[in-house]
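The block underneath contains the structure these notes are about, expressed in structure tokens.
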Amino acid sequence: LSLFLVLACAQSVPKKANNNFLKKFKGAKDIEWKRGPKSGWVVSFYMEKFYYMTAHYTSSGNFENFEIALHGKDVPQNLVQKVQNLYPNATINDVYEINRERTFGYIFEVIDNGWLFGLRFSLNGSMKIIPYDDFRFRSRIKIEND
Numbered sequence: 344l345s346l347f348l349v350l351a352c353a354q355s356v357p358k359k360a361n362n363n364f365l366k367k368f369k370g371a372k373d374i375e376w377k378r379g380p381k382s383g384w385v386v387s388f389y390m391e392k393f394y395y396m397t398a399h400y401t402s403s404g405n406f407e408n409f410e411i412a413l414h415g416k417d418v419p420q421n422l423v424q425k426v427q428n429l430y431p432n433a434t435i436n437d438v439y440e441i442n443r444e445r446t447f448g449y450i451f452e453v454i455d456n457g458w459l460f461g462l463r464f465s466l467n468g469s470m471k472i473i474p475y476d477d478f479r480f481r482s483r484i485k486i487e488n489d
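With our numbering applied, the sequence shown has no gaps in its numbers, which climb one by one up to 489 at the end.
Have a look at this one:
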């Protein structure tokens with residue numbers, strides 16, 4: 344019984360993370376916390392006007408970033424073209440805007456030749472591949488090629 348209590352307490356969201364979240368995202372609904380990478384925390388939630396969002400917090404409860412799904416005209420067409428040029432047979436699954444305190448960028452979820460992975464674009468247009476087994480990528484979608 345005491346081992347169960349220790350494990351249950353170890354999985355609780357730090358008060359600082361929860362308080363920081365509630366201050367930053369007033370009116371959030373359908374809130375779901377889970378463990379993230381490096382002992383951090385990830386929270387998925389619903390916000391009116393934005394629908395579902397995801398925010399990341401450090402193990403000490405400090406805000407790292409949040410992500411919003413983009414659709415239609417909100418998706419940067421120059422980056423869509425870049426993805427299509429690099430991966431002509433690929434399908435763009437989803438696109439997210441990722442916001443940090445002072446910067447933002449985009450994450451494209453791409454399926455190419457049966458492989459699902461991500462492409463992260465910074466504001467300056469540089470690109471980094473997010474492998475299919477990356478935590479933040481996996482936390483948003485169910486990977487079919489595991």
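Using N, Cα and C, we set each Cβ at its ideal position, and we do this for glycine too.
None of the values given here were measured: they were computed from a predicted structure.
Q: Determine contact between the region 379–391 and the region 412–420, defined as no fewer than three beta-carbon pairs at a distance below 8 Å.
A: no
Q. Taking three-plus beta-carbon pairs below 8 Å as touching, is the region 419–431 in contact with the region 439–452?
A. The region 419–431 is in contact with the region 439–452.
Q. Which partner residues does Asn-408 have in the DSSP bridge list?
A. His-399
**Q.** Own chain residues within Cβ distance below 6 Å of Asn-362, not counting five before or after
**A.** none
Q) In or out: Thr-446 buried (at least 16 other Cβ within 10 Å) or exposed? A) exposed
Q | First and last residue of the uninterrupted alpha helix (DSSP H) at Val-423 | A | 420–429
Q) Quick one: what's got a C-beta closer than 6 Å to Phe-464's C-beta in the same chain, skipping five residues either side? A) Leu-422, Gly-448, Tyr-449 and Met-470
Q.
Can you give me the C-alpha to C-alpha distance between Ala-412 and Val-438, rounded to a whole angstrom?
A. 6 Å
Q) What are the start and end residues of the alpha helix (DSSP H) that includes Leu-365? A) Here the alpha helix (DSSP H) through Leu-365 covers 358–367.
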